[in-house]
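Colleague:
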Amino acid sequence: MGRQKREKNLTVLGKESVFDGVLKFRDDLKIDGSFTGAIDAKGNLEILKGAVCRVQYIKAASIVVEGDVAGNMMAIEKIDLKNGSKLRGDITTGKLRIDDDVEFEGRVKMISDNVQVEKDIFSLNAEQLKEQMRIN
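Take the numbering used here: the last position of the sequence shown gets the number 137, and nothing is skipped along the way.
1. Who are the Cβ neighbours of arginine 98 in its own chain at under 8 Å, not counting the five residues just before and after it?
2. What is the C-beta distance between lysine 31 and valine 13, in whole angstroms, given that I count them as a contact (C-beta under 8 Å)?
3. If you draw a straight line from the alpha carbon of leucine 46 to that of lysine 96, how long is it in whole angstroms?
4. Kindly indicate the opening and closing residues of the beta strand (DSSP E) around alanine 61.
5. Taking the beta strand (DSSP E) that arginine 89 belongs to, which residues open and close that run?
6. In whole angstroms, give me the CA-to-CA distance for aspartate 100 and valine 66.
7. Tell me the residue span of the beta strand (DSSP E) that contains glycine 22.
8. Let me check you understand the geometry: is the CB of serine 18 closer than 6 Å to at least one non-hydrogen atom of the ligand ZN?
9. Cα separation between alanine 62 and glycine 85?
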């Protein structure tokens, strides 16, 4: 028998959950309740329909939004705004998909394929991240 892949853990903040603060995680997270603060993650994030997030920022590998978000988001891989979602904030990402019937108010910055970004961008401060993303 070969080596088994390590399964990613999935954490869910349920419908009745209310979280206020800075949240850091490595694996996958689904938010179904209310979140206020900042998210600094290496894993994937899904904000479910009915969830409300008021954030200073969200950083994750990929982000799927079905709920209501106010705040800036950054995902190296992709951001997916699903039908019926609301986002008021700026987006920085490698890939972006916006479905029909999405309320979006903000700016979009695409991370270019020719930009070399360090693998662990989450440990960089804002100025270092800007420098990594600067195109010559």
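A virtual CB, placed ideally from N, CA and C, is assigned to each residue, including glycine. Note that the structure is predicted; figures quoted are calculated from it, not measured.
Modeller: The relevant details are as follows:
1. The residue you call residue 98 lines up with position 97 of the sequence shown. Cβ within range, chain order: Lys79, Ile80, Asp81 and Leu82.
2. Here residue 31 refers to the residue found at position 30 of the sequence shown. Here residue 13 refers to the residue found at position 12 of the sequence shown. The C-beta distance from lysine 31 to valine 13 rounds to 5 Å, short enough to fall under 8 Å.
3. For the purposes of this step, residue 46 is identified with residue 45 of the sequence shown, where counting begins at 1. For the purposes of this step, residue 96 is identified with residue 95 of the sequence shown, where counting begins at 1. Rounded to whole angstroms, leucine 46 to lysine 96 spans 15 Å at the Cα level.
4. Sequence index remark: in the sequence shown, residue 61 carries index 60 (1-based). Looking at the DSSP string, the run of the beta strand (DSSP E) that includes alanine 61 is 53-66.
5. Position 88 of the sequence shown, counting from 1, holds the residue named residue 89. It spans 87-89 - the beta strand (DSSP E) in which arginine 89 sits, taken as one unbroken run.
6. Here the question's residue 100 lines up with position 99 in the sequence shown. Here the question's residue 66 lines up with position 65 in the sequence shown. When rounded, the distance between both Cα atoms is 10 Å.
7. Position 21 of the sequence shown, counted from the first residue, corresponds to residue 22. Glycine 22 -> beta strand (DSSP E) spans 19-26.
8. In the structure on display, the ligand ZN does not appear, and there are no ligands present to speak of.
9. Translated into positions along the sequence shown, residue 62 becomes position 61. Translated into positions along the sequence shown, residue 85 becomes position 84. Approximately 22 Å between the Cα atoms of the pair.
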